[in-house]
Structures are given as C-alpha cells and as structure tokens.
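>
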Amino acid sequence: MQSKEIICTACPIGCRLTIYRDEASENGFQVEGSTCKRGISYAIAEITDPRRILTSTVRVINSTYKRLPVRTGEAIPKDKIFQCMDEINRIEIKCPVKMGDVLIENIAETGINLISSRNL
Ligand code: SF4
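Shown next as structure tokens:
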C-alpha cells in the first residue's frame, strides 16, 4: 500500500496524518503526524472501515415545516451512504416527532437507526 494523506477530524486541531502499511508494526500500519493516540485510531479506521454520521432531511406531510432534519444514530459505513439516501428520500413523516425518535430502523441494513434531529 502506498502512503495516504488524511486530515484527522477526531478533534478541531485537524492534524495532517500520513498512513502506510507496515506488517512489522503491532497494528499493521504506521501513522505519522499524529499528536495523540486518537489520530492513530482515526487513520487506521479511515483506511480499513471508513464511516460517517449521515445528516439529511425527510419530507413532512402535516406541518408548516416541509422538511425534518435527521441523522444516523451512529457513523455508518461510507459505502452505504447512497443506499441510506435512497431510503431517506422514500419516507414521509407525520408530526408529532420528538428529537431522537427512530424514523428508520436498521437503515440500509447497517444495524444503525435513522433518528430525528429535532422536535416537530
Ligand atoms: S491526532 Fe489527536 S490532536 Fe490531532 S486532530 Fe487527531 S485527535 Fe486531534
């Protein structure tokens, strides 16, 4: 594996990291530029299982607000984002909805729920 440049987003400092495979190391990778252990974990996860919290909105059918902000309860695999958006774009929500209410269980078979980001 060639080296890969990554900006760590685990905290606001945003260290510039370089990761490359190193079979001799304990975790199989070498990470340069990290000023703390979280950066090492972040870089390895970004290479082996990249994930993101997905935020979006869903259609609301019985409110003056036309869209409800939503997000995944946890970070989902990046390669599932388009499948999740397909499901999000297909649903319509009826009020009342509370912040944290589950709107789609196990979205795109990720094991993670889509939840409301606000009361409406
Ligand atoms: S490596 Fe540590 S200090 Fe640097 S951005 Fe990541 S979490 Fe913050």
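Just so we're aligned, residue 22 is where the sequence shown starts under our numbering, counting upward by one.
Every residue, glycine too, gets a C-beta built ideally from N, C-alpha and C.
Quick caveat: nothing in here was measured; it's all calculated off a predicted structure.
Using three-state DSSP, classify K58 as helix, strand or coil.
Along the sequence shown, one-based indexing puts residue 58 at 37. K58: helix per DSSP, three-state reduction.
> Compute every distance between the C-beta of T56 and the non-hydrogen atoms of ligand 1, then say whether any falls below 8 angstroms.
Here the question's residue 56 lines up with position 35 in the sequence shown. Because some heavy atom of ligand 1 lies under 8 angstroms away, the Cβ of T56 counts as near it: yes.
> Exposed or buried, I133, counting other C-beta atoms within 10 Å across all chains shown (16 or more means buried)?
Locating residue 133 in the sequence shown gives position 112, counting from the first residue. When all chains shown are included, I133 counts as buried.
> For I102, collect the residues of the same chain with a Cβ closer than 8 angstroms to its Cβ; drop the 5 residues on either side in sequence, then sort them by chain order.
Reading the sequence shown from its first residue, position 81 is the one you call residue 102. Cβ within range, chain order: R73 and L75.
> I need the DSSP call for K25, collapsed to helix, strand or coil.
For the purposes of this step, residue 25 is taken as residue 4 along the sequence shown, with counting starting at 1. Correct three-state label for K25: strand.
> Kindly list the residues whose CB is nearer than 6 angstroms to the CB of Q51, restricted to its own chain and excluding five residues on each side of it in sequence; keep chain order.
Along the sequence shown, one-based indexing puts residue 51 at 30. Y41 and D43.
> Using alpha carbons as the reference points, say which of T85, P117, S62 and I125 lies closest to M106.
One-based indexing of the sequence shown puts residue 106 at position 85. For the residues T85, P117, S62 and I125, the minimum Cα distance to M106 belongs to I125.
> When the distance is taken between beta carbons, is L135 closer than 9 angstroms to P4?
Because the chain is modelled from 22 through 141, residue 4 falls outside the range shown and cannot be assessed.
> Sorry if obvious, but does the Cβ on R59 come closer than 8 angstroms to a heavy atom of ligand 1?
Position 38 of the sequence shown, counting from 1, holds the residue named residue 59. Yes.
> Using CA atoms only, rank isn't needed, just tell me which of G49, V79 and G35 is closest to G60.
Residue 60 sits at position 39 when you count from the first residue of the sequence shown. Checked all of G49, V79 and G35; the closest Cα to G60 is G35.
> Applying the criterion that 16 or more other CB atoms from any shown protein chain within 10 Å of the CB defines a buried residue, is I82 buried or exposed?
Indexing the sequence shown from 1 puts residue 82 at position 61. The residue in question, I82, is exposed, as its Cβ has fewer than 16 Cβ neighbours within 10 Å.
> How big is the Cα-Cα spacing for V79 and N127?
Translated into positions along the sequence shown, residue 79 becomes position 58. Translated into positions along the sequence shown, residue 127 becomes position 106. Each residue's alpha carbon lies about 16 angstroms from the other.
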